[in-house]
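Heads up, the thing below is written out as structure tokens.
Numbering (my numbering), first residue to last: 19 to 116.
Here it is as structure tokens:
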């Protein structure tokens with residue numbers, strides 16, 4: 019097997035173990051404190067921010083246009099409309115703007 023395949027397998031195993039580990043830890047408690055639950059609910063937004071912020075800081079005009087359109091569509095449209103609009107603007111802007 020190639021090294022790349024072993025890296026992919028190791029990443030999959032590590033991801034599975036962290037997910038099942040978190041589940042096993044939380045499942046041991048009968049009641050979860052509301053602050054803990056609020057903190058866990060905030061994790062997806064925090065992860066998304068850590069992915070988007072570095073790209074936004076080093077982005078060019080095409081990426082900024084897609085980010086602005088995505089933000090505007092998110093105010094009125096649904097999640098799928100937001101993703102599709104952002105992707106379409108990014109593809110078109112990269113094609114024509116550079």
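We put the CB at the ideal spot given by N, CA and C, even for glycine.
On the premise that residue 103 lies in contact with residue 88, defined as a C-beta separation below 8 Å, what is that separation, rounded to the nearest angstrom?
Against the chain shown, residue 88 aligns to sequence position 70. Against the chain shown, residue 103 aligns to sequence position 85. With a Cβ gap of about 6 Å, residue 88 and residue 103 count as contacting.
Alpha carbon of residue 31 to alpha carbon of residue 43, nearest angstrom:
Mapped onto the chain shown, residue 31 falls at position 13. Mapped onto the chain shown, residue 43 falls at position 25. About 18 Å.
Taking the C-alpha atoms as reference points, what is the distance between residue 83 and residue 110?
The sequence position of residue 83 within the chain shown is 65, counting from 1. The sequence position of residue 110 within the chain shown is 92, counting from 1. Roughly 10 Å separates the two Cα atoms.
Residue range of the alpha helix (DSSP H) that includes residue 59
Along the chain shown, one-based indexing puts residue 59 at 41. That run of the alpha helix (DSSP H) goes 52-75.
Starting from the Cα of residue 105, find the closest Cα among 49, 93, 81, 114 and give me that residue.
Position 87 of the chain shown, counted from the first residue, corresponds to residue 105. That would be 81, whose Cα lies nearest to the Cα of residue 105.
Note down the Cα distance separating residue 99 from residue 107, rounded to an integer number of angstroms.
Reading the chain shown from its first residue, position 81 is the one you call residue 99. Reading the chain shown from its first residue, position 89 is the one you call residue 107. Linking residue 99 to residue 107 through their CA atoms gives a straight-line distance of about 12 Å.
In the DSSP assignment, find the unbroken alpha helix (DSSP H) run with residue 92 in it and report its ends.
To locate residue 92, count along the chain shown from 1; it is residue 74. Residue 92 -> alpha helix (DSSP H) spans 79-94.
What did DSSP end up calling residue 46 once you bin it into helix, strand or coil?
The count along the chain shown starts at 1 and reaches residue 46 at position 28. It is coil, neither helix nor strand.
Would you kindly work out how many angstroms separate the C-alpha atoms of residue 95 and residue 22, rounded to a whole number?
Here residue 95 refers to the residue found at position 77 of the chain shown. Here residue 22 refers to the residue found at position 4 of the chain shown. If you take the alpha carbons of residue 95 and residue 22, they lie about 40 Å apart.
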